[in-house]
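Protein chains in written order, with this note's numbering: chain D, 1 to 326; chain E, 1001 to 1327.
Glycine included, every Cβ here is placed at the ideal spot set by N, Cα and C.
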């Protein structure tokens, strides 16, 4: 009941009235009950020590499985190598060779090209799929069902999904023979397989879901009344998309972008299989070095790739604050 | 008096599958009234409002504003504007950008947009917050921004969906004064959905009480309060007793009941509750037929002749104070 209101509502003869205005008001005015976890359960341990103990297991795992290997790679990248031996050293030869060779620049450029094109396609497809799932599929049941449908390809391994393109795209593959039988083309298209086209096709196929998931997640958090408010203000469907949905989906787009860009930049197997070993990216450079047991050189390339990817992510994070999503 | 800006609902119906949310209601809102749609949750008041706004397709019937049937038009072309219950401010836009949103959609140039938005913010006393983001505002401030954003479209009808329900009680009383002032200043129709009878009485020129998808009673606030037409309205609007008498059910305001000796009174009963409320004292009495009635006495009247629990009393009222109820 509002303070200062002149009268209290009575409802004689209505004992089971389920919603009375006065009751509703009280329910709103009632302060939220806050539960507090008492720190005293941690016994004699001070807050400080308890905090360190709680953080220790994860810190240990990260130290052993993340920090240590990276430190090892950095150390090895300064070692020396001959055709038949590797010896501990501190020399800049690996880096000097890396930066002195124009192959490096071309391969890095090619890697960026794959990342950029794949990003554009996964974003376009991923955003569309997420938008459809979030805004056009009305019931949660259908949303979950269609979402699971998207994940079905993930029930098999990356490599199998990739290789299954080969009989489809090959010179005598399904695509070519169908096109020839329809009379669209006279002879098989050479660029369907073992080309940049097939590499990017495989990347898009493999990684679109990594774009769908975070974008769908952010879209589901958009208050539907915002869409109504936009239409109330006279926004057309496209205007609502551009001025409301996309700005509010940016954090999800950014998380998806980080997934896709890092996956594509670190990939070597897709490029090898789908280009028929005719194209190179940084991952293949490293993998070739490892194949030749040139670990110091591979390490140096890996360190430069790591720095490059971190720089790319750093730049991306300058555009969008994703902290509220995490 | 009809004007060409009246809003009329004609056989307006909303069905969700087999469930009827709004059952062929008819009502005329005169231009420039402050109307409250009052009812319990699920009575169809919000569906009605959303159909007027254009956010819910009309199943049957029509919404007529200014002589045209607007029920098939997109929301922005109807001449209505909606203020949402959760305010629905765009979280990524500043206060000014939020208010100017509809102008931006119409591709009005940036200077005009800003000038008009600041005018609107001035109207709701929010100019000093023009460059904040919604998350940096309190609930009451967000509401003012939402109001400014709705009003910048110069609507003929402003639709408010439970606008005060998210505010604390003190702010609620202040904002309702503010709403009333704006409505007078702008001289447009306000249609305000609420489930709070005190809010409706305080604000409305006209109250439309809804129950179970139908309009139970509509009329000026005083007329509805003084003469509830049905037992539902009498109970929902509060401060009434619904008493079953041999000649039928009647509604009697609690403050019209007089406590007398048991002899000669219309009803005899026993006091079951005495509640002190400051200016008034509420006496509850059990009367024949397992009914409970409440009498509201001024504190002077009560303490002039105090009554105890369990005391046998008579309850009487002026014949004109009892209103026969439609069943």
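| Item | Value |
| --- | --- |
| If you drop the 5 nearest sequence neighbours on each side, which residues of the same chain put their C-beta closer than 8 Å to that of residue 295/D? | 76, 79, 81, 86, 289 |
| Do you know how far the Cα of residue 151/D is from the Cα of residue 1235/E? | 55 Å |
| At a Cβ threshold of 8 Å, is residue 141/D touching chain E? | no |
| Tell me which residues of the stretch 235 to 269 of chain D have at least one Cβ-Cβ distance to chain E shorter than 7 Å, keeping chain order. | 235, 239, 244, 247, 248 |
| Measure the C-alpha to C-alpha separation of residue 1299/E and residue 248/D and round it to an integer number of angstroms. | 57 Å |
| Between the alpha carbons of residue 316/D and residue 258/D, how many angstroms are there, rounded? | 8 Å |
| Residues bridged to residue 1210/E by DSSP? | 1215/E |
| Out of 301/D, 265/D, 230/D, 277/D, which one is the CA nearest neighbour of residue 947/E? | No answer is possible for residue 947/E: the residues shown for chain E start at 1001 and end at 1327. |
| Am I right that residue 1267/E and residue 1295/E are in contact with their C-beta atoms under 8 Å? What's the rounded C-beta distance? | With a Cβ gap of about 10 Å, residue 1267/E and residue 1295/E do not count as contacting. |
| When the cut-off is 8 Å and only beta carbons count, does residue 1029/E lie next to chain D? | no |
| Are there 16 or more other CB atoms within 10 angstroms of the CB of residue 1241/E, so buried, or fewer, so exposed? | buried |
| Residues in its own chain within less than 7 Å of residue 1006/E by CB, not counting five upstream and five downstream? | 1028, 1029, 1030, 1031 |
| If you measure from the beta carbon of residue 1225/E to each beta carbon in chain D, is any gap under 8 Å? | no |
| Is it the case that the stretch 294 to 310 of chain D contacts the stretch 236 to 252 of chain D, given that we only count it when at least three CB pairs across the two stretches are under 8 Å? | no |
| Does DSSP put residue 363/D in a helix, in a strand, or in coil? | One cannot answer for residue 363/D here, as it falls past the ends of chain D, which runs 1 to 326. |
| Would the stretch 1126 to 1141 of chain E count as touching the stretch 1072 to 1083 of chain E if we require 3 or more Cβ pairs under 8 Å? | no |
| So, is the C-beta of residue 32/D closer than 8 Å to a C-beta in chain E? | In this prediction, residue 32/D has a pLDDT of 44, which is less than 50 and means its spatial position is unreliable; what the coordinates show is noted afterwards. Output row for residue 32/D: interface = no. |
| Any beta-carbon of chain D closer than 8 Å to the one on residue 1102/E? | yes |
| Closest by CA to residue 255/D, which one among 114/D, 122/D, 63/D, 268/D? | 122/D |
| Provide the residue span of the alpha helix (DSSP H) that contains residue 150/D, from first to last. | 140 to 151 |
| Does the Cβ of residue 205/D have 16 or more other Cβ atoms within 10 Å, making it buried, or fewer, making it exposed? | buried |
| Using DSSP's beta-bridge definition, name the partner residues of residue 1082/E. | 1159/E |
| Which residue from 1024/E, 1251/E, 1034/E puts its Cα closest to that of residue 1188/E? | 1034/E |
| So with Cβ pairs under 8 Å, would you call residue 1313/E a contact of chain D? | no |
| Grab the span of the alpha helix (DSSP H) containing residue 1014/E for me, first residue to last. | Segment 1007 to 1016 is the beta strand (DSSP E) holding residue 1014/E; no alpha helix (DSSP H) there. |
| Tell me where the beta strand (DSSP E) around residue 1241/E begins and ends. | 1240 to 1245 |
| Out of curiosity, what's the CA-to-CA distance linking residue 234/D and residue 1084/E? | 15 Å |
| Mark residue 1057/E as exposed unless 16 or more other C-beta atoms lie within 10 angstroms of its C-beta, in which case mark it buried. | exposed |
| Taking 8 Å as the CB-CB cut-off, is residue 226/D touching chain E? | yes |
| With distances taken Cα to Cα, identify the nearest neighbour of residue 1154/E among 1192/E, 1100/E, 1042/E. | 1100/E |
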